[in-house]
Each structure stands twice: as C-alpha cells, then as structure tokens.
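Novice:
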Amino acid sequence: MPELPEVEVVRRGLEAHVLDRAVAGVEVLHPRPVRRHLAGPADFAARLTGRRFTAARRRGKYLWLPLDTGDALLAHLGMSGQMLVQPADAPDERHLRVRVRFVDSDAGGPELRFVDQRMFGGLSYAEGGATLPHEIAHIARDPLDTDFDEADVIARVRRRTSGIKRLLLDQGLVSGVGNIYADEALWRARLHGERRGDRLRRADVAEVLDAVRAVMTSALDQGGTSFDALYVNVNGESGYFDRSLHAYGQEGEPCARCGTPIRRVAFMNRSSYFCPTCQKPPRSRRPVSRVP
DNA sequence: CAAACTACCTGACTGC
DNA sequence: TGCAGTCAGGTAGTTT
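The first sequence runs 1 to 292 under UniProt numbering.
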C-alpha cells in the first residue's frame, strides 16, 4: 500500500537507474494499467519508443518521468503497483503488466517493469507534462515539499466540517497521506480522526501535520513500509517500517503510551485504528440517523 | 464548492 | 474440496 515514503523511494530508484537511456520498445501485457491512454496500448508504446527519460519527479503519490520531448510518462502505483528495475533476463513477475526495454537492455542494461496485482494503479502518457502533468494539477503539495504552505493548509482545514482523518486523506488538501500514515499521525498527535476540521485549534492542526512529517520521515529513513510483500521498492527490496507502527493494524495491542488496547472501527469502507484513551472522540458526535 | 458514496480489481483468508 | 463471502484501499466519477 504505497504512500508517500514508498513512492519517494521508488522515485529515487528510477532517478538512479533509468534516466538518459533510449527506450527500445514497450510491451503492454495487460490493457488495464494503460486504460487512461484513450488511443490504446499500441499508441502508448509507440509514443515512448525512441524517447529518453530525463528526470524522475513526484507529487503526492504520483510519479512521472519527463521525456526529452517535454511530455512525460505518468504513473500511479495504486494499491499494489511496483516499478521494478530488472535485468532483461530476469523471469517475468506473475503480475507483470508493462515492460519498457532500453537500447542497452540486451547488453547488461536494465529494463523497467510495471507490476501490479490489483491494477488500481496505472501508467499514462502525459502530453506536455514534463513540469507537471495537467492530469494531476489538482493534487496538493505534500507536507515534506519545500513549497508546502503550512499556514494555508491549516486555514483550509479549519474551514472544513469533515473529520480530520478524512481531511488528511483528501489529496487536494494535503497529498501523500494514506490510511496507514493517517492513523499513525493521529495517534502521535493524540487526535481522534472524527474531530471536525472547523473545531480544531491551529495548534492541533499544526501538531498533526508535524506528526505526518515525522511518520513519513521515519518511514523514508527505513526505505518504506511493507505489510504483505505487495510493495517492493524499485530494486525489489521490501521495506520494514511496519515494525514501528503504533496504531495501524494494532487492534487489541496495548497503546505504547498508556497501555489501553488499540481499537479498530469501520471507516469509509476500510478501518481506522486508534487509542480510545489518548485519542478522545469529539464530544458532540455527528448526527446519526436513527430509526423512529 | 463541499460532502458522501460507489466502482474499480485480485488474492488471501474464513466459515460452512 | 469447493464455494460464497469478507477484507485490503486510492482515486475518479457521480450524486446530493
């Protein structure tokens, strides 16, 4: 389940291994991951062939590789996507979806592989997207971005009525945060995810943003998170940040601060984990529909 | 514009 | 052994 730290690890790997090599050919083994390229897989492959990647950039959980044409290859890993840099003679992965060969791939050079079991992720060709693909212009900057506008984000959070967890997951407000790091950051900040944005103090929002940065930095230092081996970094090595999770996936385990068992509740068709003692729910709960 | 909900997808796992 | 059901969850799109 790649979130910002995992995607950043992948970006660094791509930056180190696939720049400035001419693409010799692209093989699309499953149409779904290139579904956003309306002209079809063959056109997708043709447009990349002969081009070179000049950089590896990221915004939130999106990655893109600018091309020497000013266009870009845009990627999102979704739930289970991987970008693997492999020797051309390495056996195909079970869920290999797209292969990008370079002119030196048969001479010991690498090949780039997009592997994705669940196919929530995908690749697309971003016309004119070298600087920032227009497809992702709505994605906000992440809290580690040097241009992240903290005061603006705090102000926007405090104008919203949704719970703070929902807001942390809103990629148009703050990017890069997924379910795992949202729960971890809220635990660190001792905030319950149902607390409404417009009822938080500036200091509360600042604290949870600090916590987001802390959790992400920690994960980045360890090379990303891995829970089920679906996420593997660009060279195929799993991260292991899951050893230091305090809330996510810890149902029934004692809170590291107070010992109260961590609780799990349903949230947006997924789960939220929190400490019921450290993270007090809001006093006034949202109106709940009740049967008369 | 904001909020809330759904579809999309596969595989591991559980219960009968 | 099989099969239906549940869960994992980021994003785009739709509806309210």
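Glycine included, each C-beta is placed from N, C-alpha and C at the ideal position.
Tell me whether residue 204 is buried or exposed, calling it buried when 16 or more other Cβ atoms sit within 10 Å of its Cβ.
Specialist: Position 204 of the first sequence holds residue 204. Buried is the call here.
Novice: In or out: residue 116 buried (at least 16 other Cβ within 10 Å) or exposed?
Specialist: For the purposes of this step, residue 116 is identified with residue 116 of the first sequence, where counting begins at 1. By the neighbour-count rule (16 or more Cβ atoms within 10 Å), residue 116 is buried.
Novice: Tell me the residue span of the beta strand (DSSP E) that contains residue 181.
Specialist: What you label residue 181 is simply residue 181 of the first sequence in a count that begins at 1. First-last for residue 181: 179 to 189, but that is the alpha helix (DSSP H), not the beta strand (DSSP E).
Novice: For residue 123, write down the residues that DSSP places opposite it in a beta bridge.
Specialist: Position 123 of the first sequence holds residue 123. According to DSSP, residue 123 bridges with 75.
Novice: Between residue 282 and the rest of its own chain, which residues show a CB-CB distance below 6 Å, the 5 nearest in sequence each way excluded?
Specialist: Locating residue 282 in the first sequence gives position 282, where the first residue counts as 1. Closer than 6 Å at Cβ, skipping near neighbours: 194 and 195.
Novice: Starting from the C-beta of residue 75, find all residues in its chain whose C-beta is less than 6 Å away, skip the five residues before and the five after it, and write them out in chain order.
Specialist: Sequence index remark: in the first sequence, residue 75 carries index 75 (1-based). So the list reads 63 and 123, once near-sequence residues are dropped.
Novice: Quick test of your reading: residue 98 and residue 53, contact by CB under 8 Å. State the CB separation rounded to the nearest angstrom.
Specialist: Start at 1 with the first residue of the first sequence, and residue 98 comes out as number 98. Start at 1 with the first residue of the first sequence, and residue 53 comes out as number 53. About 14 Å; that fails the 8 Å criterion.
Novice: What is the DSSP secondary structure of residue 266, reduced to helix, strand or coil?
Specialist: The count along the first sequence starts at 1 and reaches residue 266 at position 266. Strand.
Novice: For the candidate residues 79, 150, 92 and 163, whose alpha-carbon lies nearest to that of residue 119?
Specialist: Indexing the first sequence from 1 puts residue 119 at position 119. Here the closest residue by C-alpha is 79.
Novice: For residue 264 versus residue 276, is the C-beta spacing smaller than 8 Å?
Specialist: Working through the first sequence from its first residue, we reach residue 264 at position 264. Working through the first sequence from its first residue, we reach residue 276 at position 276. Result no, Cβ atoms of residue 264 and residue 276 do not sit closer than 8 Å.
Novice: Within 10 angstroms of the Cβ of residue 268, are there 16 or more other Cβ atoms? Answer buried if so, exposed if not.
Specialist: In the first sequence, the residue the question calls residue 268 occupies position 268. So residue 268 counts as exposed.
Novice: For the beta strand (DSSP E) that residue 87 lies in, which residues bound it at each end?
Specialist: For the purposes of this step, residue 87 is taken as residue 87 along the first sequence, with counting starting at 1. Unbroken beta strand (DSSP E) run through residue 87: 81 to 87.
Novice: Compare the Cα-Cα distances from residue 106 to each of 86, 47 and 250 and report the closest residue.
Specialist: In the first sequence, counting from the first residue as 1, residue 106 sits at position 106. Closest by alpha carbon: 86.
Novice: In the DSSP output, which residue or residues are listed as bridge partners for residue 68?
Specialist: Counted from its first residue, the first sequence places residue 68 at position 68. Per DSSP, none; premise fails for residue 68.
Novice: With DSSP as the reference, label residue 55 as helix, strand or coil.
Specialist: Indexing the first sequence from 1 puts residue 55 at position 55. Three-state DSSP puts residue 55 in coil, outside helix and strand.
Novice: In chain order, what residues of the same chain lie with their CB nearer than 7 Å to the CB of residue 189, ignoring the 5 residues before and after it?
Specialist: The residue given as residue 189 occupies position 189 in the first sequence. Only 207, 208 and 211 meet the Cβ criterion.
Novice: Can you find at least 3 beta carbon pairs, one from the stretch 126 to 136 and one from the stretch 63 to 72, that sit closer than 8 Å?
Specialist: Yes: at least three Cβ pairs fall under 8 Å.
Novice: Given a threshold of 16 other Cβ atoms within 10 Å of its Cβ, counted over all protein chains shown, does residue 13 qualify as buried or as exposed?
Specialist: Numbered from 1 along the first sequence, position 13 holds the residue referred to as residue 13. The residue in question, residue 13, is buried, as its Cβ has 16 or more Cβ neighbours within 10 Å.
Novice: What is the DSSP secondary structure of residue 261, reduced to helix, strand or coil?
Specialist: Indexing the first sequence from 1 puts residue 261 at position 261. Looking at residue 261 - three-state DSSP - the assignment turns out to be strand.
Novice: Going by beta-carbon coordinates alone, are residue 144 and residue 157 separated by less than 8 Å?
Specialist: The residue you call residue 144 lines up with position 144 of the first sequence. The residue you call residue 157 lines up with position 157 of the first sequence. For residue 144 and residue 157, no; Cβs fall outside 8 Å.
Novice: Is the beta carbon of residue 248 sitting closer than 8 Å to the one on residue 150?
Specialist: The residue given as residue 248 occupies position 248 in the first sequence. The residue given as residue 150 occupies position 150 in the first sequence. Their beta carbons are not under 8 Å apart, which means residue 248 does not touch residue 150 by this criterion.
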